[in-house]
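Below you'll find the structure, written out as structure tokens, and then a few comments.
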Amino acid sequence: MALTGRAALLALLGTLAVLFAPQPAPAVAGVALLLLALIAVDLLLAAGVRQLRFTRSGDRLIRLGESATVELIVENPGPRRARGLLRDAWPPSAGTAPRRLPLDVPAGERRRLITTLTPTRRGDREAVTVTVRTLGPLGIAARQGSHRVPWSVRVLPPFLSRKHLPAKLSRLRELEGQHPSMVRGQGTEFDSLREYVAGDDVRSIDWRATARRNDVVVRTWRPERDRRVLIVLDTGRTSAGRVGTAPVPLAGEMPGTGGLYGGAAVVPGWPRLDWSMDAALLLAALAARAGDRVDFLAYDRAVRAWVSGASRTELLSSLVNTMAPLEAELVEADSAGMVAAILARAKRRSLVVVLTDLNAASLEEGLLPMLPQLSARHLVLLAAVSDPQVAAMAAGRGTPELVYNAAAAEHQNAGRRRITARLRRQGVEVVDAAPEQIAPALADAYLALKAAGRL
Amino acid sequence: MSLAAAPGTGSTSASPTAAGLWRGGRGILLVALIVVVGAVIGVLLGGSGGGRPLDPADTSPSGGRALAQLLRAHGVQVTRVTSVAEAEAAGSRDRTLLLSDTSFLSEKEAGRLGAIPADLLVVGVQPYQELITPGVRTTKKVRARSREPRCELRAATGAGSAYLGGSSLTAPSGATGCYPADGRPTLVSYPDEGRTITVAGDGQFMSNLRLAEDGNAALAMNLAGARPSLVWLVAPETAPQATGEQGLYDLIPGGVRWAVVQLAVVVLLLALWRGRRLGPVVAERLPVVVRAAETVEGRGRLYRARRARDRAAAALRTSFVDRVTPRLGLPSAAGPDAKVEAIAERTGQARPHVGAALYGPPPADEAGLVALAAYLDMLERQVKES
Numbered sequence: 001m002a003l004t005g006r007a008a009l010l011a012l013l014g015t016l017a018v019l020f021a022p023q024p025a026p027a028v029a030g031v032a033l034l035l036l037a038l039i040a041v042d043l044l045l046a047a048g049v050r051q052l053r054f055t056r057s058g059d060r061l062i063r064l065g066e067s068a069t070v071e072l073i074v075e076n077p078g079p080r081r082a083r084g085l086l087r088d089a090w091p092p093s094a095g096t097a098p099r100r101l102p103l104d105v106p107a108g109e110r111r112r113l114i115t116t117l118t119p120t121r122r123g124d125r126e127a128v129t130v131t132v133r134t135l136g137p138l139g140i141a142a143r144q145g146s147h148r149v150p151w152s153v154r155v156l157p158p159f160l161s162r163k164h165l166p167a168k169l170s171r172l173r174e175l176e177g178q179h180p181s182m183v184r185g186q187g188t189e190f191d192s193l194r195e196y197v198a199g200d201d202v203r204s205i206d207w208r209a210t211a212r213r214n215d216v217v218v219r220t221w222r223p224e225r226d227r228r229v230l231i232v233l234d235t236g237r238t239s240a241g242r243v244g245t246a247p248v249p250l251a252g253e254m255p256g257t258g259g260l261y262g263g264a265a266v267v268p269g270w271p272r273l274d275w276s277m278d279a280a281l282l283l284a285a286l287a288a289r290a291g292d293r294v295d296f297l298a299y300d301r302a303v304r305a306w307v308s309g310a311s312r313t314e315l316l317s318s319l320v321n322t323m324a325p326l327e328a329e330l331v332e333a334d335s336a337g338m339v340a341a342i343l344a345r346a347k348r349r350s351l352v353v354v355l356t357d358l359n360a361a362s363l364e365e366g367l368l369p370m371l372p373q374l375s376a377r378h379l380v381l382l383a384a385v386s387d388p389q390v391a392a393m394a395a396g397r398g399t400p401e402l403v404y405n406a407a408a409a410e411h412q413n414a415g416r417r418r419i420t421a422r423l424r425r426q427g428v429e430v431v432d433a434a435p436e437q438i439a440p441a442l443a444d445a446y447l448a449l450k451a452a453g454r455l
Numbered sequence: 001m002s003l004a005a006a007p008g009t010g011s012t013s014a015s016p017t018a019a020g021l022w023r024g025g026r027g028i029l030l031v032a033l034i035v036v037v038g039a040v041i042g043v044l045l046g047g048s049g050g051g052r053p054l055d056p057a058d059t060s061p062s063g064g065r066a067l068a069q070l071l072r073a074h075g076v077q078v079t080r081v082t083s084v085a086e087a088e089a090a091g092s093r094d095r096t097l098l099l100s101d102t103s104f105l106s107e108k109e110a111g112r113l114g115a116i117p118a119d120l121l122v123v124g125v126q127p128y129q130e131l132i133t134p135g136v137r138t139t140k141k142v143r144a145r146s147r148e149p150r151c152e153l154r155a156a157t158g159a160g161s162a163y164l165g166g167s168s169l170t171a172p173s174g175a176t177g178c179y180p181a182d183g184r185p186t187l188v189s190y191p192d193e194g195r196t197i198t199v200a201g202d203g204q205f206m207s208n209l210r211l212a213e214d215g216n217a218a219l220a221m222n223l224a225g226a227r228p229s230l231v232w233l234v235a236p237e238t239a240p241q242a243t244g245e246q247g248l249y250d251l252i253p254g255g256v257r258w259a260v261v262q263l264a265v266v267v268l269l270l271a272l273w274r275g276r277r278l279g280p281v282v283a284e285r286l287p288v289v290v291r292a293a294e295t296v297e298g299r300g301r302l303y304r305a306r307r308a309r310d311r312a313a314a315a316l317r318t319s320f321v322d323r324v325t326p327r328l329g330l331p332s333a334a335g336p337d338a339k340v341e342a343i344a345e346r347t348g349q350a351r352p353h354v355g356a357a358l359y360g361p362p363p364a365d366e367a368g369l370v371a372l373a374a375y376l377d378m379l380e381r382q383v384k385e386s
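Next comes the structure, spelled out in structure tokens:
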């Protein structure tokens, strides 16, 4: 049960009665009894909460940054009109609006209530409870109860870098030769023979076939297809660090609190993991369009996610679905385990794209000793998100404090350069770019490898 | 996870039912019931707890019934009074007035008490001690225990050791001080305008509990039974009704006081109204929020805190050399001299200057470090522009 402000107001009026009553002590008791009686009557006449029936429908999948609408149908099979308040409780980061809804369902009817969710971070959001407070006819007291009406909304990564996709696809088409230049070059493989038409490169005439066919025949070429790309996402502790500015407003923060850092202070940005996912999605979209087969592995100390053998049309949706609930684990990634998992899954030569951080200390101890095993069988590309904040600090001059910070930033940059040089010496491709640039930079690196025929 | 899950249909009530509440709460109710019943039985069996100290009608350990009985057995007329007016009127001419607790008296009443023409026996420290027995002051608290009389007072020497203490006293001139504690008496007796005034620092020797010990009974009899009549003033059972003097509280009409009670009810209802949550608090596991640059900032602060100019300068120089060497067309393995030579040539700066900036000793102070950073920036700009 619950009381309303009217009960307190009635008691306040009772104070006046007590003040002017000839016998105040019995008046207090009388007012209390009257109030109790009114509350009891109101409670008895309020619609029952337990008997209400709920049904949900609405969105189940949305991208981060979008809003989902979830409908709640309230059915009142009881004999009395259910009037009052309803709260559809979701976790705070689901961004529920409105937080409480007015409810008015006549006996035997049903009403549709709409809640809008604007989630502030990735993952699954589960509805918690639906709490209903039905007022009595006097509006003094209310019955209250909760129902569990399960529903979950999966918030997918936003794939912001899809804006780069058209540009990268046109680069890919240049490679594929869908426009007229049918030139043989590196990164191409034999496709088929066809009759010579004026304008073809005479160097591509296949003389042996020409001799057999009594007609001039040229070979056509196309870029390599059906190569394998394995995208490995490191979900260890280094992927939890936040860099850049969050492209989706309020990601990782509570709405309406002005941010965890009090608004004006430094905004914590977006986790490296999310930037890496964005880059991975662009690469996967591009590689799938280029005819390569894309697998995906997320690993820290165990396999967190594994997508393999998805068809080209299904690839992106199954990737975003797999990525949605991934969170950075606050443990040091197990590089040996990661390499073993990769070797166990990628039997044929693949392009292994490892999205991690160029952290000198953890790479030197972890991945670097294991790399020869990996690069012996696969082509390894290591992509890392750099921190614009560190770049800004490195440029600091003027006061001792800024120069000390600049020195610390340069110390880290030197570590990154050193580890990058060592990786390159081992034949590993390295992409190190700022958060907003990592996705196109990775796509460019992939296209360059493809053009060079190194897949 | 399957995405095409069936649309949510079922809803289950999560509120406890009355039967569930009864099942869950009956254990607690049973325990509460046992506690209440136990407490009631204890109170009923224990009788009236907590006596009224040194009351001639009280039989508890702290009461004074035993002494009153003894006095009556020895022919002393004991009159129990509860107000100053009664004390003035009671008893015969030749009487002793015994005061044990006067904390219920007003200042005026205490003054009247001191003026009653009778022998005065004051046990324990009183709030208006200076009005009742002028000249006797309490000095410091001492522990009550069995003490020797060590004085010439007949009542004391006849009784021997007694349970005294409480507070040590200063006596006016002509007084006899007995039962000393740390050199000061805890019982003082002196004549005053034809009557005898006796003050004891503590009255426990007269209580039912202590009366049988030591010479307590004898001392109490000697002091309280010196005259044929004893007027024993004790605190009344109920608070005295204000007579004549009315406080602000008494002037408030009864309706207002009950209205305040009613207002408390209003506040209670308001609290119930605002305090009832619509549904449970929802908890959520949130990811950590940690900026990746925090480690770098921490290292910067550490440099500053330890004044690590050498390390800071080394980091700045290394990164400068790393950036500039490719622009000079030198291999990264080139020696320091070759680098300094090339940079000096490109920028037109003096060789020793460049050498000191790149490979010299670390800056002597923070201003030097700031200057070094600025100089390296200048060199880099000139290399880029040349």
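Heads up: the protein sequence lines correspond to chains F and Y, in order. UniProt numbering puts the first sequence at residues 1 to 455. UniProt numbering puts the second sequence at residues 1 to 386. Every residue gets a Cβ at the ideal spot worked out from N, C-alpha and C, and that includes glycine. Model, not experiment: these values are computed from the prediction.
For residue i, which residues of its own chain have a beta-carbon under 6 Å away from its beta-carbon, when the five flanking residues on both sides are left out?
i      : result
R143/Y : G165
G58/F  : T69, V70 and E71
A175/Y : V188 and Y190
R293/F : R228
Between residue i and chain F, is there a C-beta pair that is closer than 8 Å?
i      : result
L369/Y : yes
R147/Y : no
S60/Y  : no
Q382/Y : no
P287/Y : yes
A97/Y  : Correcting the residue identity first, residue 97/Y is Leu in this sequence and not Ala. No, L97/Y does not count as interfacial toward chain F.
V266/Y : yes
V256/Y : yes
Using a Cβ-Cβ cutoff of less than 8 Å, which residues in the same chain neighbour residue i once the five nearest sequence positions on both sides are dropped?
i      : result
V231/Y : T79, V81, A87, A90, G91, R95, T96, L97, L98 and A118
V41/F  : G136 and L138
I think residue i touches residue j, with their Cβ atoms under 8 Å apart; what is that distance to the nearest whole Å?
i      : j      : result
A155/Y : I132/Y : Wrong, their Cβ atoms sit about 20 Å apart, outside the cutoff.
A305/F : A298/F : 4 Å
P119/F : V74/F  : With a Cβ gap of about 24 Å, P119/F and V74/F do not count as contacting.
V234/Y : D101/Y : 7 Å
Does any residue of chain Y bring its CB to less than 8 Å from the CB of residue i?
i      : result
Q437/F : no
V354/F : no
L412/F : The sequence given here has Gln at residue 412/F, not Leu. With 8 Å as the cut-off, Q412/F counts as an interface residue toward chain Y.
E327/F : yes
L113/F : no
V149/F : yes
R272/F : yes
S276/F : no
V49/F  : yes
E401/F : yes
F296/F : no
May I ask you to list the residues that DSSP assigns as paired with residue i?
i      : result
I197/Y : L120/Y and Y190/Y
H147/F : V130/F and S13/Y
S194/F : Ser is not the amino acid found at residue 194/F; the sequence shown has Arg there. DSSP output for R194/F lists V218/F as bridge partner(s).
P102/F : L85/F
Q262/Y : Paired residues: none, contrary to the question.
T138/Y : L169/Y
In its own chain, which residues sit with a C-beta less than 7 Å from the C-beta of residue i, not counting the 5 before and 5 after it?
i      : result
Q204/Y : A144, Y163 and R210
Touch test, the region 363 to 372 of chain F against the region 332 to 350 of chain F, Cβ-Cβ under 8 Å, three pairs minimum: Under the Cβ criterion (8 Å, minimum of three pairs), the region 363 to 372 of chain F counts as touching the region 332 to 350 of chain F.
Would you call the region 273 to 289 of chain F in contact with the region 200 to 211 of chain F, where contact means no fewer than 3 C-beta pairs closer than 8 Å? no
When the Cβ atoms of the region 435 to 447 of chain F are set against those of the region 337 to 345 of chain Y, are three or more pairs found closer than 8 Å? no
Evaluate the contact criterion for the region 408 to 419 of chain F versus the region 371 to 386 of chain Y: three or more CB pairs, one atom per stretch, below 8 Å. no
Counting Cβ pairs closer than 8 Å, one from the region 79 to 88 of chain F and one from the region 256 to 265 of chain Y, do we hit at least three? At 8 Å Cβ cutoff, the stretches do not touch.
Inter-stretch contact (C-beta, 8 Å, three-pair minimum) for the region 348 to 359 of chain F and the region 311 to 326 of chain F: no
Three or more beta-carbon pairs under 8 Å between the region 145 to 159 of chain F and the region 111 to 128 of chain F, yes or no? yes
Count the C-beta pairs between the region 9 to 27 of chain F and the region 262 to 279 of chain Y that are closer than 8 Å, then say yes if the count reaches three, no if not. yes
Cβ pair count under 8 Å reaching 3, the region 19 to 38 of chain F against the region 164 to 171 of chain F: No, they do not touch.
The region 397 to 407 of chain F in contact with the region 290 to 300 of chain Y per 3-pair CB rule at 8 Å: yes
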